[in-house]
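Here the structure comes first, spelled out in structure tokens, and everything after it is commentary.
In our numbering, the protein residues as written are 438 to 542.
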């Protein structure tokens with residue numbers, strides 16, 4: 438059991454996930470700023486799905502959990518990361534079977 442990844446609940450969908458699969462948003466103790474996975478303070482977790490991100494933003498679930506306003510720039514950063522990750526995971530476009538990249542003449 439040693440080294441098991443603790444479970445945390447996503448604020449958006451309310452499902453349990455291993456902590457390593459979630460984003461951690463933190464309201465810093467001293468400055469009350471909301472940051473992505475930095476520092477000590479009140480924290481809440483969000484899974485890495487676009488539906489959860491948009492639902493949590495629309496329903497103000499993250500702001501309620503952190504008891505602080507989440508800046509728009511942080512929401513935009515998270516959405517950009519999701520879109521970038523989804524592009525990286527999608528398979529590259531391939532041409533017809535048997536066609537070569539050198540046959541473009």
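Don't be surprised by glycine CBs; every beta carbon is placed ideally from N, CA and C.
Coarse secondary structure for residue i, derived from DSSP in three states
i	result
residue 480	strand
residue 470	coil
residue 447	strand
residue 513	helix
residue 465	strand
residue 542	In this predicted model, residue 542 has a pLDDT of only 47, less than 50, meaning its place in the structure is not dependable; the value taken from the coordinates is given anyway. Correct three-state label for residue 542: coil.
Contact with chain D by residue i, beta-carbon distance below 7 Å
i	result
residue 476	Among the chains in the structure shown there is no chain D, since it carries only a single protein chain.
Cβ shell of residue i (< 7 Å), same chain only, five flanking positions each side left out
i	result
residue 442	455, 456, 457
residue 483	447, 448, 449, 459, 460, 462, 489, 490, 493, 499
Among the options, the one whose alpha carbon lies nearest that of residue i
i	options	result
residue 450	518, 503, 491	491
residue 513	444, 473, 459, 452	473
residue 470	483, 505, 516	505
residue 520	497, 488, 508, 501	488
residue 486	497, 527, 509, 515	515
Cβ neighbours of residue i in the same chain (closer than 8 Å, five flanking residues each side left out)
i	result
residue 507	462, 471, 494, 499, 500
residue 522	485
Under 7 Å between C-beta atoms of residue i and residue j
i	j	result
residue 503	residue 479	yes
residue 453	residue 459	no
Contacting residues, own chain, Cβ-Cβ under 6 Å from residue i (five flanking each side not counted)
i	result
residue 476	463, 465
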